Amino acid sequence: MSENIERIKCLIIGSGPAGYTAAIYAARADMKPVVYTGMEPGGQLTTTTEVDNFPGYPEGIDGPQMMVELQKQAERFGTDVRIGMVTKVELSDEVGGIHKAQIDNKTWVEARTVIISTGASAKYLGLPSEQRLRGGGVSACAVCDGFFYKGQDVAIVGGGDTACEEATYLAKICNKVTMLVRKGEMKASKAMQHRVENTENIDLRYHSEVDEVLGEQVVEGLRILNNQTNEKDEINITGLFIAIGHKPNTDIFKGFLDMDDVGYIITKPKTTNTNYPGVFACGDSQDKVYRQAITAAGTGCMSALDAERYLSSLETTERSEPQAALN
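Once you know that position 9 of the sequence shown is 9 in the UniProt record's numbering, the rest is easy, because the numbers rise by one and skip nothing.
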């Protein structure tokens, strides 16, 4: 490594509601945070056309515009927002240790604290028609976008607990929900399966896969393949929800931080502290339960406060050590 490595107080890896909220609080605490936006500046909300459930926007707000405003607010207090991706880290397990991060496989920065807000990416089916209509009726979050399909016919793909939960949520506000399960049984808990089976307006189809999402500008229908008989049929829908899981964007931290079997970072109860001192995780990188913009922002706030307290404790220790040596 070069000897001219930049050293900062607070490095925030990833943007989005968690990262920018952490930046706002860290900047106001004079921590001079540096944010590296990652591959998708603004996070998952940049793929959402309208956000209706974030407090403070009574008329709703366009997802990308909301991220622009959050970035401006963070910058207003002195946050240094940089386009770039952290591609490698070397974390110190010592209290007061310096953490190192490589940017775009080239330069390195050193930080006394690191806030991880890399989020998680929803898994999609990979169909060209699905990708083309993301934001035009294809969504990976029923709680976020289901309201826009009130009284309409929709479909959901998946067979786990999340898919069942989102299907029953949609059934309360939509006219009809067609639920497609690829196998001959669901992997959801029995309680969740019973809930789906006992909901009248959920049409549960096993051995069923999406063959094509129909529509030019917005979702207009679905062509469904029965993978046992190879028969295809079409239904008219206005919304398609994909509920086949998420993958946290945490691969570069493997070998350092404690994670669950999927890759979500494990934080200490009621904090954003990881198992490495001075390293904090917020947003969807550590939350596999709620995955909402507002909860991500909340943990972003927590991570900045935790980082500030950590730095304060170091400064107190550093001030007391010279005095102790004199005595």
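The C-beta atom is built at its ideal place from N, Cα and C for all residues, glycine as well.
It should be emphasised that the depicted structure is a prediction, and the values quoted were computed from it without experimental measurement.
Suppose the cutoff is 6 angstroms on Cβ atoms and the five residues either side in sequence are ignored; what does the same chain contact list for residue i look like?
i, result
"N236", "G221"
"K187", "G159, G160"
"V181", "G159, Y206"
"K9", "M31, K32, R112"
Please name the residue in the options whose C-alpha comes closest to that of residue i.
i, options, result
"M31", "E50, Y57, P55, T79", "T79"
"N4", "T107, G60, M85, P41", "T107"
"T118", "C141, D52, S15, M192", "S15"
"F253", "I8, H194, T274", "T274"
"G263", "G245, A26, V279, P64", "G245"
"I115", "G283, N226, Q73", "G283"
"T267", "D251, Q292, C10, S285", "S285"
"G126", "I224, E212, N198, L170", "E212"
"N105", "A29, M85, C301, F241", "M85"
"A307", "A27, G56, E6", "A27"
"V81", "I13, Y57, P58", "I13"
"T162", "N230, C174, S189", "S189"
"T238", "Q73, C174, L70, P128", "C174"
"V89", "Q292, D287, G255, L170", "G255"
"V210", "K123, N53, E234", "E234"
To the nearest angstrom, how far is the alpha carbon of residue i from that of residue j?
i, j, result
"R309", "S139", "38 angstroms"
"G96", "A22", "20 angstroms"
"residue 344", "G160", "Past the edges of the chain, shown from 1 to 327, lies residue 344, and the structure says nothing about it."
"L314", "L91", "17 angstroms"
"V51", "F148", "10 angstroms"
"D261", "T250", "12 angstroms"
"Q102", "L311", "22 angstroms"
"C141", "E318", "47 angstroms"
"C301", "S320", "29 angstroms"
"G215", "V289", "32 angstroms"
"A18", "I242", "23 angstroms"
"P277", "R134", "39 angstroms"
"M259", "I265", "4 angstroms"
"V109", "I98", "10 angstroms"
"L240", "I224", "12 angstroms"
"G60", "K270", "30 angstroms"
"F280", "T299", "10 angstroms"
"V34", "Y20", "10 angstroms"
"L11", "T37", "11 angstroms"
"E94", "R7", "17 angstroms"
"P58", "A155", "28 angstroms"
"Q71", "P128", "31 angstroms"
"E231", "D287", "39 angstroms"
"A29", "A74", "12 angstroms"
Please go through the same chain and pick out, in chain order, the residues whose beta-carbon is closer than 7 angstroms to the beta-carbon of residue i, but skip the five residues on each side of it.
i, result
"K176", "D153, N201, D203"
"V196", "C164, A167, T168, M179, I202, L204"
"S121", "H246, K247, N249"
"T46", "E40, G63, P64, M67"
"G136", "Q217, V218, V219"
"L305", "Y25"
"P55", "I294"
Given that a residue counts as buried once 16 or more other Cβ atoms are within 10 Å of its Cβ, and exposed if not, what is residue i?
i, result
"K150", "exposed"
"M39", "exposed"
"K172", "exposed"
"A191", "exposed"
"L326", "Any reading at L326 is ruled out, since the residue's pLDDT is 47, under 50, leaving its predicted position unreliable."
"K100", "buried"
"D145", "buried"
"T87", "exposed"
"S303", "buried"
"Q131", "exposed"
"Q228", "exposed"
"I83", "exposed"
"G43", "buried"
"R76", "exposed"
"T272", "buried"
If you follow the beta strand (DSSP E) that residue i is in, where does it begin and where does it stop?
i, result
"A122", "120-122"
"Y36", "34-36"
"A74", "Counting along the chain, A74 falls outside any beta strand (DSSP E), though it belongs to the alpha helix (DSSP H) covering 63-76."
"C10", "6-13"
"V213", "208-214"
"R82", "80-82"
"G221", "221-226"
"D233", "232-236"
"T113", "107-116"
Quick one: residues in its chain with C-beta nearer than 8 angstroms to the C-beta of residue i, no 5 flanking neighbours on either side, listed in chain order?
i, result
"residue 336", "The shown model of the chain, from 1 to 327, leaves out residue 336, and the question about it has no answer."
"Q193", "C164, M186"
"L170", "A142, G146, Y149, V154, I156, V177, F241"
Check for me: the alpha helix (DSSP H) holding residue i runs from which residue to which?
i, result
"H194", "190-197"
"T178", "Careful: T178 lies outside any alpha helix (DSSP H), inside the beta strand (DSSP E) at 176-180."
"E200", "Careful: E200 lies outside any alpha helix (DSSP H) and carries neither H nor E."
"residue 332", "Shown here, the chain extends from 1 to 327; a query on residue 332 therefore has no answer."
"V143", "142-145"
"D161", "161-173"
"T21", "17-28"
"E130", "128-132"
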